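2 protein chains.
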Amino acid sequence: MYFSSGFFTCIGKDGKIYDELKYVWLQGRQVWMYCRLYRTMERFNKPEILEAAKSGGAFLQRFARIPNSGSPWKCAFCLTRDGKALKVQRTIFSECFYVMAMDELARVTGDKDMQAEAAQMMDQLVHWVRVDPSGLGKPQLSGDTPVCSMAVPMMLLCLVQQLTEARSGEEVDKYREVGGWCVKQILQHIQRGGTAILESVSSEGKELPGCEGRLQNPGHALEAGWFLLQYGLENGDQELQRTAVDKFMEIPFLTGWDKEHGGLLYFLDVDGYCPTQLEWSMKLWWPHCEALIAYLMAYSHTKEPVLLERFTQVYDYTFSHFSDAENGEWFGYLTQQGKVTLDFKGGPFKGFFHVPRCLYMCEKILDSILNKQES
Amino acid sequence: MYFSSGFFTCIGKDGKIYDELKYVWLQGRQVWMYCRLYRTMERFNKPEILEAAKSGGAFLQRFARIPNSGSPWKCAFCLTRDGKALKVQRTIFSECFYVMAMDELARVTGDKDMQAEAAQMMDQLVHWVRVDPSGLGKPQLSGDTPVCSMAVPMMLLCLVQQLTEARSGEEVDKYREVGGWCVKQILQHIQRGGTAILESVSSEGKELPGCEGRLQNPGHALEAGWFLLQYGLENGDQELQRTAVDKFMEIPFLTGWDKEHGGLLYFLDVDGYCPTQLEWSMKLWWPHCEALIAYLMAYSHTKEPVLLERFTQVYDYTFSHFSDAENGEWFGYLTQQGKVTLDFKGGPFKGFFHVPRCLYMCEKILDSILNKQES
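What follows is the structure in structure tokens.
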């Protein structure tokens with residue numbers, strides 16, 4: 320499965336591969352995760368992990384980038400087993416995970432060309448988001464007014480943190496400006512007088528009409544929460560740290576936790592209408608991963624007992640519902656009642672990313688709590 | 320809500336409008352349904368129904384067609400309340416429902432220009448499907464080999480039946496050739512030695528690799544079943560009638576009926592893997608509508624008791640789970656266990672179409688059964 324041929328991610332409940340398509344989001348995330356573990360955790364600093372990451376990176380470099388009329392760079396969303404492009408999205412996310420993978424791999428291998436390629440694609444991403452989105456390939460439609468989706472500044476902020484970590488210089492200053500812009504954009508999603516985090520707002524930071532405007536995604540808000548808290552800590556911004564906890568961690572819990580069955584709901588309408596997403600009431604693994612990171616990180620910095628309670632509550636639900644005692648790994652998709660309803664371990668959107676990132680982050684935070692207590 | 324301004328379709332459980340977007344599929348279907356009821360059922364031959372249909376048609380003519388670089392005609396998928404295009408799909412379906420609406424409205428009003436417009440768009444559709452799809456706006460990708468989705472010939476066959484009904488002449492002969500081609504295409508979806516109906520096959524009529532190739536959609540197969548049976552009856556093709564019943568009606572029941580909880584599952588994998596669609600195990604209203612039409616139509620022509628049993632079984636499940644005794648209308652989306660999980664009556668994909676078409680078709684078929692018995 321290694322050796323410059325990318326990774327299968329469609330893996331059944333007992334480990335059997337049920338589809339051979341290669342999703343670029345998941346290829347990039349897997350390369351990033353391998354490198355991060357290799358680089359920062361001694362017990363994963365093993366040649367076979369580095370080899371897997373390098374072969375994944377080679378696959379991405381060779382096949383993920385595709386010819387594109389509007390922009391010099393575009394990545395496919397999905398490739399065949401042998402690397403032929405099957406689908407391309409008119410969004411920025413395939414390119415984002417490409418940047419994450421290339422920059423982290425370059426940190427491990429010291430490959431300066433690869434680092435430069437990541438930086439070049441980052442410039443393209445910033446151009447699409449802040450200057451001109453037309454290269455993404457969406458037709459211009461009269462009713463399609465610009466919408467700010469929280470995913471976009473979140474993803475860019477994540478890349479800024481990736482590209483600036485332990486670096487300095489002119490390029491880093493440029494990214495810091497982008498980071499500040501991302502934070503401002505994310506904070507616009509606090510709406511309804513500070514009582515709601517809405518997934519999409521207008522480009523002026525106002526609530527949008529209809530279902531789109533009323534949509535809440537608790538897992539996404541929690542992920543934004545720990546991104547903001549981390550950024551606030553790095554920059555000594557205490558007000559931002561407070562906002563991250565009070566708004567992006569507390570509100571999604573109060574609105575998104577299912578009081579009857581436990582677990583975080585996937586989507587909610589802020590006015591209590593039924594969302595139109597068929598999966599709105601399902602319990603997905605990744606919001607629970609983000610919640611575990613968010614509450615543990617917040618507790619470790621504030622020592623507020625309520626945050627440890629939140630962590631424990633999410634932990635108990637997660638480990639009693641998602642992890643599979645029989646065959647290992649986590650299931651990804653439960654009914655509202657908590658029954659496994661899609662029984663595969665990996666699929667088009669579930670790869671080697673949210674679960675290992677969550678365990679990795681939580682282990683790091685727990686270590687830091689224990690070390691502080693000892694000293 | 321009438322008067323050339325189109326129809327709201329996002330209607331909550333108690334009738335309240337929760338979103339004002341106008342979906343072109345549903346606008347076209349609603350116009351078609353009003354006209355069909357007005358034209359063929361005496362108790363609906365009322366001026367207010369005709370007025371509603373005409374105003375919906377005027378809205379579509381004014382706003383649904385949008386400028387398009389690749390082809391002379393393209394319809395939007397979704398419009399704002401005041402008719403501005405918000406989204407356009409790179410498929411044929413908005414245009415198909417536009418043709419259905421315009422042709423049926425022209426039959427009621429006698430508007431020859433409108434009928435010609437429907438015919439002109441039909442030519443465009445056939446060109447996209449049989450000659451050159453590039454005008455739909457999808458980029459050419461090396462791994463994206465042509466796939467035959469059952470929806471495409473089904474939809475075209477439905478339009479052929481719409482455009483040829485009670486007409487004759489050169490144009491009709493042209494459509495009949497298209498109809499024959501559609502039937503052949505649909506029959507290619509019988510796979511695995513006649514034991515499965517697969518949703519997508521290669522352009523050579525072979526099974527595709529992976530999840531896409533293994534996907535079954537029982538509701539869709541049943542809908543194809545009654546389209547084929549109707550076509551077989553109109554053309555005196557007894558073999559096709561038999562295939563429609565034995566393959567497109569019996570197989571989806573044997574594979575798609577949930578023996579534990581009742582109802583038809585939405586998606587299935589022919590090899591028993593878990594589908595990757597999050598909603599695979601849900602019970603949707605429309606497959607049940609198609610099943611009711613299919614089994615009653617098949618029973619009325621064959622008088623085989625098993626088909627009446629199938630009808631009764633689907634009927635019992637449908638009317639005890641989908642219809643809302645409190646506020647009227649049907650719910651659209653249930654969990655596998657049969658609990659309402661999206662409680663609205665109309666949404667982006669549920670409009671005034673599947674339920675009234677089902678009731679209309681079943682009433683017509685029941686009348687014909689009773690009339691035959693009397694004579």
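Order-wise, the sequence lines are chains A and B. If you count the first sequence from 1, you need to add 319 to reach the numbering used here. If you count the second sequence from 1, you need to add 319 to reach the numbering used here. From the three backbone atoms N, C-alpha and C, an ideal C-beta is built for every residue, glycine too. Computed from a predicted structure; not experimentally measured.
Residues sharing a beta bridge with residue i, DSSP
i: glycine 665 of chain A; result: A:Ile330
i: arginine 384 of chain A; result: A:Cys394
i: alanine 404 of chain A; result: A:Leu398
i: cysteine 467 of chain A; result: A:Val520
i: glutamine 481 of chain A; result: DSSP output for glutamine 481 of chain A lists no bridge partner at all.
i: glutamine 535 of chain A; result: A:Leu587
i: tyrosine 696 of chain B; result: The question about residue 696 of chain B has no answer here: the residues shown for chain B are numbered 320 through 694.
i: lysine 602 of chain B; result: B:Leu653
i: alanine 425 of chain A; result: Paired residue(s): none; alanine 425 of chain A is not in a bridge.
i: valine 659 of chain A; result: A:Leu653
i: glutamate 526 of chain B; result: B:Val520
i: isoleucine 509 of chain A; result: A:Ile516
Proximity winner among the options, relative to residue i (alpha-carbon distances)
i: leucine 478 of chain B; options: B:Gln535, B:Glu423 and B:Val520; result: B:Glu423
i: valine 445 of chain B; options: B:Gly429, B:Lys602, B:Val625 and B:Glu414; result: B:Glu414
i: glycine 375 of chain A; options: A:Val502, A:Trp392, A:Pro391 and A:Arg348; result: A:Arg348
i: alanine 438 of chain A; options: A:Ile509, A:Trp344 and A:Val418; result: A:Val418
i: aspartate 565 of chain B; options: B:Gly544, B:Pro624, B:Met421 and B:Leu583; result: B:Gly544
i: valine 343 of chain B; options: B:Arg400, B:Lys683 and B:Trp649; result: B:Arg400
i: methionine 441 of chain B; options: B:Gln480, B:Trp576 and B:Pro465; result: B:Gln480
i: serine 603 of chain B; options: B:Asp635, B:Lys669, B:Glu553 and B:Val589; result: The question names serine, yet the displayed sequence has leucine at residue 603 of chain B. With distances taken between Cα atoms, leucine 603 of chain B lies closest to B:Lys669.
i: cysteine 530 of chain A; options: A:Pro391, A:Gly538, A:Glu518 and A:Gly657; result: A:Glu518
i: alanine 613 of chain B; options: B:Ala404, B:Gln549 and B:Asp686; result: B:Gln549
i: serine 390 of chain A; options: A:Gly555, A:Gln443, A:Val350 and A:Phe396; result: A:Gln443
i: leucine 541 of chain A; options: A:Gly512, A:Leu573 and A:Leu379; result: A:Leu573
i: lysine 578 of chain A; options: A:Ile385, A:Cys593 and A:Tyr636; result: A:Tyr636
i: glycine 581 of chain B; options: B:Thr410, B:Asp590 and B:Phe638; result: B:Phe638
i: serine 468 of chain A; options: A:Lys393, A:His539 and A:His607; result: A:His539
i: isoleucine 516 of chain B; options: B:Pro528, B:Trp500, B:Gln535 and B:Leu356; result: B:Gln535
Inter-residue Cα distance where the pair is residue i and residue j
i: lysine 664 of chain B; j: glutamine 557 of chain A; result: 47 Å
i: aspartate 643 of chain B; j: phenylalanine 671 of chain B; result: 16 Å
i: leucine 475 of chain B; j: methionine 680 of chain A; result: 53 Å
i: proline 571 of chain B; j: valine 497 of chain B; result: 26 Å
i: lysine 691 of chain B; j: histidine 620 of chain B; result: 11 Å
i: tyrosine 585 of chain B; j: threonine 428 of chain B; result: 38 Å
i: glycine 334 of chain A; j: glutamate 609 of chain A; result: 25 Å
i: leucine 661 of chain B; j: threonine 595 of chain B; result: 20 Å
i: glutamate 523 of chain A; j: leucine 547 of chain A; result: 21 Å
i: phenylalanine 363 of chain B; j: methionine 433 of chain B; result: 23 Å
i: isoleucine 505 of chain A; j: leucine 678 of chain B; result: 49 Å
i: lysine 365 of chain A; j: tyrosine 494 of chain A; result: 32 Å
i: leucine 611 of chain A; j: proline 537 of chain A; result: 13 Å
i: tryptophan 605 of chain B; j: alanine 617 of chain B; result: 18 Å
i: serine 521 of chain B; j: glycine 532 of chain B; result: 9 Å
i: threonine 483 of chain B; j: alanine 435 of chain B; result: 13 Å
i: glycine 647 of chain A; j: phenylalanine 382 of chain B; result: 54 Å
i: leucine 369 of chain A; j: aspartate 451 of chain B; result: 46 Å
i: phenylalanine 327 of chain A; j: tyrosine 337 of chain A; result: 9 Å
i: glutamine 507 of chain B; j: glutamate 569 of chain B; result: 17 Å
i: valine 502 of chain A; j: asparagine 554 of chain A; result: 12 Å
i: isoleucine 688 of chain B; j: isoleucine 385 of chain A; result: 59 Å
i: glycine 331 of chain A; j: glycine 591 of chain B; result: 11 Å
Terminal residues of the alpha helix (DSSP H) in which residue i lies
i: tyrosine 679 of chain A; result: 673-693
i: tyrosine 337 of chain B; result: First-last for tyrosine 337 of chain B: 336-338, but that is the beta strand (DSSP E), not the alpha helix (DSSP H).
i: arginine 561 of chain A; result: 557-565
i: methionine 433 of chain A; result: 431-445
i: aspartate 577 of chain A; result: Run containing aspartate 577 of chain A: none; DSSP gives neither H nor E here.
i: phenylalanine 363 of chain A; result: Looking at the DSSP string, phenylalanine 363 of chain A is not in any alpha helix (DSSP H), and its letter there is neither H nor E.
Residue i: first and last residue of the uninterrupted beta strand (DSSP E) it sits in
i: aspartate 635 of chain B; result: No beta strand (DSSP E) holds aspartate 635 of chain B; the alpha helix (DSSP H) holding it covers 624-640.
Interface residues of chain D facing residue i [CB-CB closer than 8 Å]
i: leucine 653 of chain B; result: Looking for chain D here will not work: the only protein chains present are A and B.
The ligand ATP heavy atom lying under 7 Å from the CB of residue i
i: glutamate 523 of chain B; result: With respect to the ligand ATP, the structure shown offers nothing to examine, as it has no ligands at all.
Chain A contacts from the region 324-339 of chain B (Cβ-Cβ distance under 9 Å) = Cys329, Gly331, Lys332, Lys335, Tyr337, Asp338 and Glu339
query = Closer than 8 Å, Cβ to any Cβ of chain A: which residues of the region 594-613 of chain B, in chain order?
reply = Residues Pro594, Thr595, Leu597, Glu598, Trp599, Ser600 and Met601.
request  = Give the residues from the region 449-466 of chain B that approach chain A closer than 8 Å (Cβ to any Cβ), ordered along the chain.
outcome  = Contact annotation: in the region 449-466 of chain B, residues whose CB is within less than 8 Å of a CB in chain A are Gly456, Pro458, Leu460, Ser461, Gly462 and Asp463.
key: Cβ-based contacts, 9 Å cut-off: residues of the region 401-414 of chain A near chain B   = Asp401, Gly402, Lys403, Ala404, Leu405, Lys406 and Val407
request  = Scan the region 662-684 of chain B for residues whose Cβ lies nearer than 7 Å to a Cβ of chain A and list them as they occur along the chain.
outcome  = Asp662, Phe663, Gly666 and Pro667
request  = Using a Cβ-Cβ cut-off of less than 9 Å, list which residues of the region 526-543 of chain B approach chain A; keep chain order.
outcome  = Pro528, Gly529, Cys530, Glu531 and Arg533
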